[in-house]
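Participant: Chains as they are written, first to last, in my numbering: chain E, 584 to 1068; chain B, 145 to 246.
Attaching a single structure in structure tokens format; questions to follow.
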Amino acid sequence: MSPDVCYLSAVRQLEMLDRKEISSRELVLVHLARVKKVDGVVKAFLSIDEESALKSAEKADEIRAKGGGCKKLLGLPVAVKDNICVKGHACTCGSKILEGFRPPYNATVVERLLNSGAVIIGKTNMDEFAMGSSTEHSCFFPTHNPWDPARVPGGSSGGSAAAVAAGEVSLSLGSDTGGSVRQPANYCGVAGFKPTYGLVSRYGLIPFASSLDQIGPMGREVADVALLLSVIAGKDDKDSTSIPAAGDYHKSLDRDVSGLRIGIPKEFIEGLDPEIKNRVDEAAGIFRKKGAVISEVTLPHVEYAMPAYYVIAPAECSSNLARFDGARYGHRAKDASDVLTMFKKTRMEGFGSEVKRRIMIGTYALSSGYFDAYYLKAQKVRTLIRQDFEKAFSECDVILSPTTPITAFRLGEKIDDPLSMYLTDLYTVSVNLAGLPGLVFQGGFVNGMPAGIQLIGKHLDEKTLIQLGHLFQKETGYHLQHPAL
Amino acid sequence: MTKKITEEQVAGVAHLARLELEPEELAVYTEKLGGILEYVDKLQELDTEGIEATFQVVPMSNVFREDESRPGLSVDEVLQNAPERSGDYFKMPPILESEDAG
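Dropping the structure here:
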């Protein structure tokens, strides 16, 4: 079986399975062989479970032999970010503090994947507790960008993005708190979707900042990402922020875009690198040619999104990460004479420096005397940012923007400078603050590295973003180019 | 220019966060946190008088369900990851000897 199978779309791989051109066992084996070939360089995976993957693949083949039912991903290999619980499999969150932890339950998205017949082949690398923009903050090892291994894949879902770009899987799950699906998708030249807050259940996702976190699908083709979104979206009683919405996002991908109003925020274009601006202009030109109406919109408070995010996210993380104390699971410091010493030693030994930094910032922002000045202030600014989007969406249907101000940077370049690392999330964080859907797809190249296009939609308007992304991919074919590995 | 945060404050915050910084770490954290706090101070430029805070973006309030028992994890499943176990309990170091455990 040719390794080229690995670069077919998920939709095409499923067609081959249905036509008996390949078995699920063969499809999983060819991907596992690809992992063996390239992951020594890319390092996208933290763990691979070959035995369990082959068992699931054989089961999928049996089900298909009996008719298959209507399982959307039957027999398809997928990867899952290592902050999403898969029962019985190691789940580290990229952290030493979860050493040895094996979740006794599945995340809701994992239940949905398994019910759809997907074969989970492994767990992908990430910045520790999803805090970071390069996957260099993984406590195990950094992941490398398949397009240039000297560069970062982005983060925090860097493993999930790199695995897809390197042909190790055609679909993966990531999580996005301030851009953690979209930014690595952008750096690795793949598609990544942050759905509307509440569309995908967060049950079993180890939380970072609960009011911002959303699980999102990643793939090389927008159509594939839409298929995975159809599988994971939907109301879940186990997540009280889950909303009663779902859809067949992978159906009716083609639409007439004439008259569709697309706005470009002037704040995202001012001072933008001209090469990256060219990518955005090209996308605008393609949509205009198809009849969409392009105009300028304004998000006047968006410059405050980064500082608001860097109060809100650390504040919520400091509360969420209080559970990691060595009492019930994961690492516990040895020889502590009393419980307080045990808590402190466990957390000092278990957490990496970026996580500790954010816990400290968050604890400070929530502490007595500073709550109003920092946390409450940031949540009020969040309202202004939300209102900016509401106003913009009275003038347009979709917002078109760059994903990041730069393409993938070199490993080590920003590791000691948290503020400069944070600024790479400039165009993505406001979408989380407002709870809106955001889709990123490969928008061409700048000096040989991929540069992604971001589309931001109205609340629950995933469909329009998918249709536009699909149209762009049909027109350009950028997503069909693959890194030389 | 006055420092945004002092080493004493950082040590106090570390205690609240159940972290314990070594003296040389304390200086590093004080500098990095000071830089981040200076950056987020940009928020103070905005007048937010009369603006409601957005604590969450989902247009719903309390989510209720019937108070009925449902199957959950078994005791063994709950304890399978325990660093130390004693019967059906998580085993912990002594609490009462600690000065500040409350």
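Built from N, CA and C at the ideal position, the CB exists for glycine as well.
Nothing here was measured: the structure is a model prediction, and the numbers come from that model.
Residues of chain B with CB closer than 8 Å to the CB of threonine 675/E, please, in chain order.
Facilitator: Result: empty, since nearest Cβ-Cβ is about 13 Å, beyond 8 Å.
Participant: Using a C-beta to C-beta distance shorter than 8 Å, which residues of chain B count as neighbours of phenylalanine 926/E?
Facilitator: The contacting residues are Arg162.
Participant: So asparagine 225/B packs on arginine 906/E, CB below 8 Å; how close in whole Å?
Facilitator: Actually they do not touch by this definition, with Cβ atoms about 12 Å apart.
Participant: Going by beta carbon distance, what residues of the same chain come within less than 8 Å of proline 958/E, once the five residues before and after it are set aside?
Facilitator: First, the amino acid is wrong: residue 958/E is tyrosine here, not proline. Taken in chain order, the residues that qualify are Val894, Ile895, Ala898, Ala948 and Leu949.
Participant: So with Cβ pairs under 8 Å, would you call glycine 178/B a contact of chain D?
Facilitator: The chain labelled as chain D is not found among the protein chains of the depicted structure, namely E and B.
Participant: Would you say alanine 197/B reaches chain E, if we count a Cβ-Cβ gap shorter than 8 Å as a contact?
Facilitator: Yes, alanine 197/B counts as interfacial toward chain E.
Participant: Whole angstroms are fine: how far does the CA of isoleucine 852/E sit from the CA of methionine 145/B?
Facilitator: No answer about methionine 145/B holds up, because its pLDDT of 45 lies below 50 and its placement is not dependable.
Participant: What separation, rounded to the nearest whole angstrom, lies between the Cα atoms of methionine 1004/E and lysine 649/E?
Facilitator: Their backbone Cα atoms lie some 52 Å apart in a straight line.
Participant: Show which residues of chain B have a CB atom less than 8 Å away from the CB atom of isoleucine 942/E.
Facilitator: In chain order: Ala161 and Leu163.
Participant: Are the CB atoms of glycine 683/E and glycine 913/E within a distance shorter than 8 Å?
Facilitator: Yes, Cβ-Cβ distance for glycine 913/E and glycine 683/E is below 8 Å.
Participant: Helix, strand or coil for isoleucine 798/E? Go by DSSP, reduced to three states.
Facilitator: Isoleucine 798/E falls in the strand class under three-state DSSP.
Participant: Under the three-state reduction of DSSP, which class applies to leucine 855/E: helix, strand or coil?
Facilitator: In the structure shown, leucine 855/E sits in coil (DSSP, three-state: anything other than H, G, I, E or B).
Participant: Any Cβ of chain E within less than 8 Å of the Cβ of leucine 170/B?
Facilitator: Taking Cβ atoms only, chain E never reaches closer than 8 Å to leucine 170/B, which makes this a no.
Participant: Using Cβ-Cβ distances below 8 Å, what residues of the stretch 960-974 of chain E are close to chain B?
Facilitator: Within the stretch 960-974 of chain E, the qualifying residues are Lys960, Ala961, Gln962, Lys963, Val964, Arg965, Thr966, Leu967 and Arg969.
Participant: Are glycine 787/E and cysteine 668/E close, meaning C-beta to C-beta below 8 Å?
Facilitator: In this structure, cysteine 668/E lies closer than 8 Å to glycine 787/E by Cβ.
Participant: Could you name the residues of the stretch 193-220 of chain B whose beta carbon sits closer than 8 Å to any beta carbon of chain E, in the order they occur along the chain?
Facilitator: Result list: Ile195, Glu196, Ala197, Thr198, Phe199, Gln200, Val201, Val202, Met204, Val207, Arg209 and Leu217.
Participant: Terminal residues of the continuous beta strand (DSSP E) containing serine 205/B?
Facilitator: Neither: serine 205/B is in no beta strand (DSSP E) and is coded neither H nor E.
Participant: Give the DSSP-derived three-state secondary structure of isoleucine 911/E in the structure shown.
Facilitator: The residue you asked about is not isoleucine; residue 911/E is arginine in the sequence shown. It is coil, neither helix nor strand.
Participant: Kindly say whether tyrosine 786/E, judged by its beta-carbon, lies nearer than 8 Å to any beta-carbon of chain B.
Facilitator: It does not: the Cβ of tyrosine 786/E has no partner Cβ on chain B nearer than 8 Å.
Participant: On a CA-only basis, which of Lys821/E, Gln970/E and Ile1049/E is nearest threonine 691/E? Give me that one, please.
Facilitator: For the residues Lys821/E, Gln970/E and Ile1049/E, the minimum Cα distance to threonine 691/E belongs to Lys821/E.
Participant: How about tyrosine 233/B: is its C-beta nearer than 8 Å to some C-beta of chain E?
Facilitator: Cβ-Cβ to chain E under 8 Å: no for tyrosine 233/B.
Participant: Closer than 7 Å, Cβ to any Cβ of chain B: which residues of the stretch 1002-1016 of chain E, in chain order?
Facilitator: Within the stretch 1002-1016 of chain E, the qualifying residues are Leu1002.
Participant: Could you tell me the alpha carbon to alpha carbon distance between glutamine 200/B and valine 172/B, rounded to whole angstroms?
Facilitator: Those two C-alpha atoms are separated by around 34 Å.
Participant: Using the Cα positions of valine 625/E and valine 735/E, report the straight-line distance between them to the nearest angstrom.
Facilitator: Cα to Cα, valine 625/E sits roughly 10 Å from valine 735/E.
Participant: Beta-carbon separation of glutamate 751/E and valine 594/E under 8 Å?
Facilitator: Not in contact: glutamate 751/E and valine 594/E (Cβ atoms no closer than 8 Å).
Participant: Does the separation of the CB atoms of alanine 828/E and leucine 1043/E fall below 8 Å?
Facilitator: Closer than 8 Å, so yes.
Participant: Note down, in chain order, every chain E residue with its Cβ under 7 Å from the Cβ of proline 167/B.
Facilitator: Going along chain E, no residue has its Cβ under 7 Å from proline 167/B, so there is no contact; the nearest lies around 14 Å.
Participant: Between the stretch 756-774 of chain E and the stretch 723-739 of chain E, do at least 3 Cβ pairs fall closer than 8 Å?
Facilitator: A contact exists between the stretch 756-774 of chain E and the stretch 723-739 of chain E.
Participant: Have a look at lysine 148/B and proline 890/E and give me their C-alpha separation to the nearest angstrom.
Facilitator: Roughly 15 Å between the two C-alpha positions.
Participant: Entirely within the stretch 611-658 of chain E and at least 3 residues each: give me those beta strand (DSSP E) ranges in chain order.
Facilitator: You should have 628-631.
Participant: Phenylalanine 684/E versus chain B: which residues are under 8 Å apart at the beta carbon?
Facilitator: Per Cβ cutoff of 8 Å: Asn225.
Participant: Could you pull the DSSP bridge partners for proline 985/E from this structure?
Facilitator: In the DSSP output, where bridge partners are listed per residue, proline 985/E has Ile1036/E.
Participant: Could you compute how far the alpha carbon of asparagine 221/B sits from the alpha carbon of proline 687/E?
Facilitator: The sequence as given places glutamate at residue 221/B; asparagine does not occur at that position. Computed Cα separation, rounded: 6 Å.
Participant: Which residue's Cα is closest to the Cα of lysine 873/E: Gly1035/E, Phe1055/E, Ala640/E and Glu937/E?
Facilitator: When each option's Cα is compared against that of lysine 873/E, the closest is Phe1055/E.
Participant: Once the 5 residues before and after tyrosine 892/E are set aside, which same chain residues still bring their CB inside 7 Å of it?
Facilitator: Excluding positions up to five away in sequence, the list reads Gly761, Val1012 and Leu1016.
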